[in-house]
Structure formats: structure tokens, C-alpha cells
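Enquirer:
In our numbering, the protein residues as written are 5 to 253.
(1) Counting C-beta neighbours from all protein chains within 10 Å, is the total for residue 9 16 or more, i.e. buried, or is it exposed?
(2) With a CB to CB cut of under 8 angstroms and the five nearest residues on each side skipped, what residues in its chain are close to residue 89?
(3) Compute the Euclidean distance between the alpha carbons of residue 253 and residue 202, then round it to the nearest angstrom.
(4) For residue 215, which option in 240, 191, 47, 105 has the closest C-alpha, if you only look at C-alpha atoms?
(5) Count the other C-beta atoms from every protein chain shown that fall within 10 angstroms of the C-beta of residue 49, then say buried if there are 16 or more, exposed otherwise.
(6) At least one CB of chain B closer than 8 angstroms to the CB of residue 170: is that the case?
(7) Find out if the Cβ-Cβ distance for the pair residue 162, residue 102 is shorter than 8 angstroms.
(8) Which residue or residues does DSSP assign as beta-bridge partners of residue 32?
(9) Using the Cα positions of residue 170 and residue 36, report the straight-line distance between them to the nearest angstrom.
(10) With three or more beta-carbon pairs closer than 8 angstroms as the criterion, would you say the stretch 62-69 touches the stretch 130-148?
(11) Reducing DSSP to helix, strand and coil, say where residue 25 ends up.
(12) Using DSSP's beta-bridge definition, name the partner residues of residue 78.
(13) What does the Cβ neighbour count give for residue 23, buried or exposed, with the cut at 16 atoms within 10 Å?
(14) Of the residues 156, 28, 108, 211, which one's Cα is nearest the Cα of residue 73?
(15) Measure the CB-CB distance between residue 31 and residue 12 and report whether it falls below 8 angstroms.
(16) Helix or strand or just coil, what does DSSP make of residue 132?
(17) Leaving out five residues on either side along the sequence, give the residues of the same chain with a beta carbon under 7 angstroms from the beta carbon of residue 232.
(18) What residue range does the beta strand (DSSP E) around residue 102 cover?
(19) Is the separation between the beta-carbon of residue 172 and that of residue 67 shorter than 8 angstroms?
(20) Going by C-alpha distance, which of 54, 51, 221, 71 is nearest residue 204?
(21) With a CB to CB cut of under 7 angstroms and the five nearest residues on each side skipped, what residues in its chain are close to residue 164?
(22) With residue 254 as the anchor, note down where its beta strand (DSSP E) starts and where it stops.
(23) What are the partner residues of residue 211, as DSSP defines its beta bridges?
(24) Just the Cα atoms here: how many angstroms apart are residue 167 and residue 151?
(25) Leaving out five residues on either side along the sequence, give the residues of the same chain with a beta carbon under 8 angstroms from the beta carbon of residue 119.
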């Protein structure tokens, strides 16, 4: 997508990644094989971002197979990193956005009218994190939902973009990472649901769908969290496509 990035790996994986990725793009964690899923790595990324003076940082799961633009009920493949700039600029219009990110492609039906973004809900997998937050990633399961709920309870807002969507590969269909370390309990993910209910019993119930257990979160209480526009921000009128053009392939 022609954009700068870093990949964060455990040190024992370096040679494998360096054989296919420019070594300048690789950041090596100072630990390995903790068996705690992605939490230690995510918190290390956060501290690294702070150390270089960034106000926000993106953190993406490693099972994203591309992105699309949803416009006029049509999903069009995107090959430009410009979509991240669009999300950053929109987020920066407001002073109280804790997390923003892209929805999954399969959660935004093109058969129904969809808003360009949804406010005050969970942000998964492709996340722009405000470095000013007092919280950090925690636990073993459902860390995206847990952090979303903690910041919402603090009065922050979250923005889930639907103008741009991620081709997220289904959970547990790729080897490595959480598939090998976290998704191995054999209880049809009951511990996942129970974990979030224990953290947030006021908004979480456990339901059974698609032959496994799920948590169900009621985000209704956060509808009163309102976006606060930054002072001095001028929002241009009209449509800004950021130089993106539609091509027939």
C-alpha cells in the first residue's frame, strides 16, 4: 500500500522475517515466549510510540488481507495507504477520541444503508490509539473490547470507520500467534466470554451463537459521550478524496 510501517516480532523470529522484509522495518521485542498472547507486545509498542514523541499510534493485527472503500453500497479494493491518513485527519478534528479504527468488511453489509462511521462502540484489530490514555492493554482475552469499554466509561469517544473496511481473516483460521497461545482452551470460547463479563458485568452478557459462546455488550449507555471539536479547526466543505481515484482493473 506504499506506506511506512514497522513489524514487531519476538527475537527468535527475526531471521525468518528478515528474509522477506527490510530489516529496517523490523522491531524486536525484548522478551519471548511469555505465553500471554499479544498483550505484552501491544504494551511495548505503546511505550515505543511514546518514546519517539508520537501523539497516537496504529496497531494492526497480522491477519489483515487488505482494505476496501465502502461508497454508495459498493465495496472497492484499496491499494493506497491514504485511507489511514483520512482516518487520522478525521480523528484529529476532535480532542476526546481515545480509539478509532476500521470496521471489518463482513460487519458492514452493502445491502443496507451504512453510516460512514459509528460512535462509541468497540474498536477491533486496526486501531489508532491515543497515547494520552491512562490505561494499557491487560488480561488474556478480549483486550480490544476491554480497552474500548474502559475508555468509554471514562467519558472518551471511539470512532469505528465504515467508509473504509478491513478484510479481516476469520479468527482461528491462521496458525501462530493467538491461535496457538490463546485460542486453545477447547471450551468453545466460554472463558473468553466469562473473562469480559467479569471485567465489565454492567454491560456484558454471555450468549451462544454459531455453535460457540460469545460475549454480548450493550453500548447504549455510551451514546451520551459526545465528540468535542478542537478549537481552531476549520473543516473544509465538500468532498475530499485525498487524491484517490477509481480505476478499473
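Idealized CB from N, CA, C, for every residue including glycine.
As the structure is a computational prediction, the values presented were derived from the model and not from experiment.
Expert: Looking at the atomic coordinates:
(1) In the chain shown, the residue the question calls residue 9 occupies position 5. Residue 9 counts as exposed, since fewer than 16 other C-beta atoms from the protein chains shown sit within 10 angstroms of its C-beta.
(2) Mapped onto the chain shown, residue 89 falls at position 85. Answer for residue 89: 246, listed in chain order.
(3) Within the chain shown, the letter at position 249 stands for residue 253. Within the chain shown, the letter at position 198 stands for residue 202. Cα to Cα, residue 253 sits roughly 49 angstroms from residue 202.
(4) For the purposes of this step, residue 215 is identified with residue 211 of the chain shown, where counting begins at 1. Nearest C-alpha to residue 215: 191.
(5) As a working mapping, residue 49 is identified with position 45 in the chain shown. Buried, since its Cβ has 16 or more Cβ neighbours within 10 Å.
(6) Of the protein chains in this structure there is only one, and it is not chain B.
(7) Numbered from 1 along the chain shown, position 158 holds the residue referred to as residue 162. Numbered from 1 along the chain shown, position 98 holds the residue referred to as residue 102. Yes. Within cutoff.
(8) Locating residue 32 in the chain shown gives position 28, counting from the first residue. In the DSSP output, where bridge partners are listed per residue, residue 32 has 13.
(9) Residue numbering aside, residue 170 sits at position 166 when the chain shown is read from its first letter. Residue numbering aside, residue 36 sits at position 32 when the chain shown is read from its first letter. When rounded, the distance between both Cα atoms is 29 angstroms.
(10) A contact exists between the stretch 62-69 and the stretch 130-148.
(11) What you label residue 25 is simply residue 21 of the chain shown in a count that begins at 1. In this structure, DSSP gives residue 25 a state outside helix and strand, which the three-state scheme calls coil.
(12) For the purposes of this step, residue 78 is taken as residue 74 along the chain shown, with counting starting at 1. Answer by DSSP bridge pairing, in chain order: 75.
(13) Numbered from its first residue, the chain shown carries residue 23 at position 19. Counting Cβ neighbours within 10 Å, residue 23 comes out exposed, since fewer than 16 surround it.
(14) As a position in the chain shown, residue 73 is number 69, starting the count at 1. When only C-alpha atoms are compared, the closest one is 108.
(15) Within the chain shown, numbered from 1, the residue matching residue 31 stands at position 27. Within the chain shown, numbered from 1, the residue matching residue 12 stands at position 8. Cβ atoms of residue 31 and residue 12: closer than 8 angstroms.
(16) Translated into positions along the chain shown, residue 132 becomes position 128. Reduced to three states, the DSSP call for residue 132 is strand.
(17) Counting from one through the chain shown, the residue named residue 232 turns up at place 228. Result list for residue 232: 98, 99, 100, in chain order.
(18) As a working note, residue 102 is residue 98 in the chain shown. First-last of the beta strand (DSSP E) with residue 102: 101-108.
(19) Indexing the chain shown from 1 puts residue 172 at position 168. Indexing the chain shown from 1 puts residue 67 at position 63. The answer is yes: Cβ separation under 8 angstroms.
(20) Start at 1 with the first residue of the chain shown, and residue 204 comes out as number 200. Considering only alpha carbons, the answer is 221.
(21) In the chain shown, residue 164 corresponds to position 160, counting from 1. Excluding positions up to five away in sequence, the list reads 105, 107, 121, 122, 125, 127.
(22) Only positions 5 to 253 of the chain appear in this structure, which leaves residue 254 out of reach.
(23) Taking the first residue of the chain shown as 1, we reach residue 211 at position 207. 218.
(24) If you number the chain shown from 1, residue 167 lands on position 163. If you number the chain shown from 1, residue 151 lands on position 147. In a straight line, the C-alpha of residue 167 is about 23 angstroms away from that of residue 151.
(25) Taking the chain shown and counting its residues from 1, the one referred to as residue 119 is at position 115. Around residue 119: 166.
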